[in-house]
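Asks: Here you go, one structure.
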Amino acid sequence: MKKLINKDNKKKKIIMVCVVLLLITIVYFVPFDFKYVKLRKGYPSVGLSSVEYAERSRTLDDSVCVVLKREGECQKEIQRVSSNQLVSFKYEMSQRKFDFFTTLKCHYYNDKGHNPIWQGVKLPYEDIEKPRDILAKIDCLKIQYYDIDKNKLYKEEDLLPWLKKYDKNNALYGLYIKKIGIVNTNNTVIYCDGKDLKSKTNGYQVYEHVYPSSNCDYKDDYNDIEKRVYKEVYMDADTFKELLKENGIKTEGIDYYEGSDLYGELNMDINTEDLPNSNAKLYKVYPGLKKYIGQKGKKVQLHLSGINNPDILVGYFLPDGKKVTYGKKGIKIVGGYFDDKREYKGKTCKSFQEYLKIQKQVKYDFLNKMER
Numbered sequence: 066m067k068k069l070i071n072k073d074n075k076k077k078k079i080i081m082v083c084v085v086l087l088l089i090t091i092v093y094f095v096p097f098d099f100k101y102v103k104l105r106k107g108y109p110s111v112g113l114s115s116v117e118y119a120e121r122s123r124t125l126d127d128s129v130c131v132v133l134k135r136e137g138e139c140q141k142e143i144q145r146v147s148s149n150q151l152v153s154f155k156y157e158m159s160q161r162k163f164d165f166f167t168t169l170k171c172h173y174y175n176d177k178g179h180n181p182i183w184q185g186v187k188l189p190y191e192d193i194e195k196p197r198d199i200l201a202k203i204d205c206l207k208i209q210y211y212d213i214d215k216n217k218l219y220k221e222e223d224l225l226p227w228l229k230k231y232d233k234n235n236a237l238y239g240l241y242i243k244k245i246g247i248v249n250t251n252n253t254v255i256y257c258d259g260k261d262l263k264s265k266t267n268g269y270q271v272y273e274h275v276y277p278s279s280n281c282d283y284k285d286d287y288n289d290i291e292k293r294v295y296k297e298v299y300m301d302a303d304t305f306k307e308l309l310k311e312n313g314i315k316t317e318g319i320d321y322y323e324g325s326d327l328y329g330e331l332n333m334d335i336n337t338e339d340l341p342n343s344n345a346k347l348y349k350v351y352p353g354l355k356k357y358i359g360q361k362g363k364k365v366q367l368h369l370s371g372i373n374n375p376d377i378l379v380g381y382f383l384p385d386g387k388k389v390t391y392g393k394k395g396i397k398i399v400g401g402y403f404d405d406k407r408e409y410k411g412k413t414c415k416s417f418q419e420y421l422k423i424q425k426q427v428k429y430d431f432l433n434k435m436e437r
């Protein structure tokens, strides 16, 4: 009788071990997406669906303004890709906690020596010291198209199926929304944080992005810089702030930058709380903005085309007819992001034309140093 019981117990143990092994096998080999516990949503869906209003400039330039809800630091920028078209990306992220077996897999970590590099991305509000198996995952990624004249979102394309098809294990983890955007003027290539999505007749083909070789020819580098010297006709962002201050305008809530749009040259963002008084010239150019004065949680984006003079933009914040001033002594020139700012130390300008002259001279001096 005792032998029979022992035999039954042994059989039960074998069955239990087999069941456990089977469960482990299932957990380990099922598709990647099933191996997590969803903890909480990270960001609201953002994109062109948050746009409330768009308006063309009443002046001769081909500029537009857009009003949208402000969604935090990681809100995806809107790109202007043609005179009448805006593009952005609607996305949602959530936080995931992965099981033990999943975290052991090599595609989670890129093991270089003794310090494995974590390939996932935590949500920005998370403590960097938290466990490495808490990751952020893209749940929704769609490209959206907005018609400026009709003031409406008219098309949306889902990009996730193509990313999953390319690499179901890694494609949705470690994506940084700020590194996703249209990169060519005919809207056929999307750069997606290390991957290129190339448009085709029935969807997208995904490729690894090929970065330029670091072993570039010196002469090519020199020629590129020389071309840039001839092209640069904009005031740098920090000097623009100096010009705002000289005219008694608070710089908080105002962001001026270049290079974001494929159509147009400059961009300026203004938080609605920081819009100027109702008598400012801005409302002659964009009358529809007047109703947003003092509203909270919204942002005005100016997508500028045909304007390179900062005096025009500073003038938007002043009463209509008031002239922009550089002060008796001129404003301090700071220099751009890629400049050696020491070269501008002590330099001032009393007009935009003088600023361009000094900027060009500094660039030429730099080129001459490179030639030696």
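Its first residue numbered 66, the sequence shown is counted upward by one per residue in the working numbering.
Virtual Cβ for every residue (Gly too), placed ideally from N, Cα, C.
These numbers were taken from a predicted model, which means no experiment stands behind them.
1) Roughly how many whole angstroms lie between the Cα atoms of Y118 and V131?
2) Assuming V248 and K260 form a contact by the criterion Cβ under 8 Å, report the distance between their Cβ atoms to the nearest whole angstrom.
3) How is the beta strand (DSSP E) around L133 delimited, first residue to last?
4) State the Cα-Cα distance for the pair G400 and K306, rounded to the nearest angstrom.
5) Could you give the DSSP three-state label for Y381: helix, strand or coil?
6) Below 7 Å CB to CB, which residues in the same chain sit around T124 once its five sequence neighbours on both sides are set aside?
7) Should I79 and F154 be called a contact, given that it needs their Cβ atoms to be closer than 7 Å?
8) Tell whether a beta-carbon distance below 7 Å holds between K310 and T337.
9) When you compare only the Cα positions, how much space is there between Y218 and V129?
10) Exposed or buried, which one is T266 when buried takes at least 16 other CB atoms within 10 Å?
11) Specify the secondary structure class of K425 as computed by DSSP and reduced to three states.
12) Among N344, I372, G318 and D320, which one has its Cα closest to the Cα of Y328?
13) Can you look up P341 in the DSSP assignment and give me helix, strand or coil?
14) Between the C-alpha atoms of K263 and Y256, what's the straight-line distance to the nearest angstrom?
15) Sorted by chain position, which residues of the same chain lie with C-beta nearer than 7 Å to G268's C-beta, five sequence neighbours on each side aside?
16) For E194, does the count of other Cβ atoms within 10 angstroms reach 16, so buried, or fall short, so exposed?
Replies: The structure says:
1) Cα to Cα, the separation comes out at about 6 Å.
2) The C-beta separation of V248 from K260 comes to about 12 Å, leaving the pair out of contact by the 8 Å criterion.
3) Per DSSP, L133 belongs to the beta strand (DSSP E) from V129 to K134.
4) Approximately 12 Å, taken between the alpha carbons.
5) Three-state DSSP puts Y381 in coil, outside helix and strand.
6) The answer, listed in chain order, is V350.
7) Their beta carbons are not under 7 Å apart, which means I79 does not touch F154 by this criterion.
8) In this structure, K310 keeps its C-beta atom at 7 Å or more from the C-beta atom of T337.
9) Note that residue 218 corresponds to Leu in the displayed sequence, not to Tyr. A straight line joining the alpha-carbon of L218 with that of V129 spans about 16 Å.
10) Classification for T266: exposed.
11) In the structure shown, the three-state DSSP call for K425 is helix.
12) When C-alpha distances from Y328 are compared across N344, I372, G318 and D320, the shortest belongs to I372.
13) Three-state result, P341: coil.
14) Rounded to the nearest angstrom, the two C-alpha atoms are 9 Å apart.
15) If we look at G268 and ignore the five residues flanking it on each side, its Cβ neighbours are W227.
16) In this predicted model, E194 has a pLDDT of only 46, less than 50, meaning its place in the structure is not dependable enough to derive any value.
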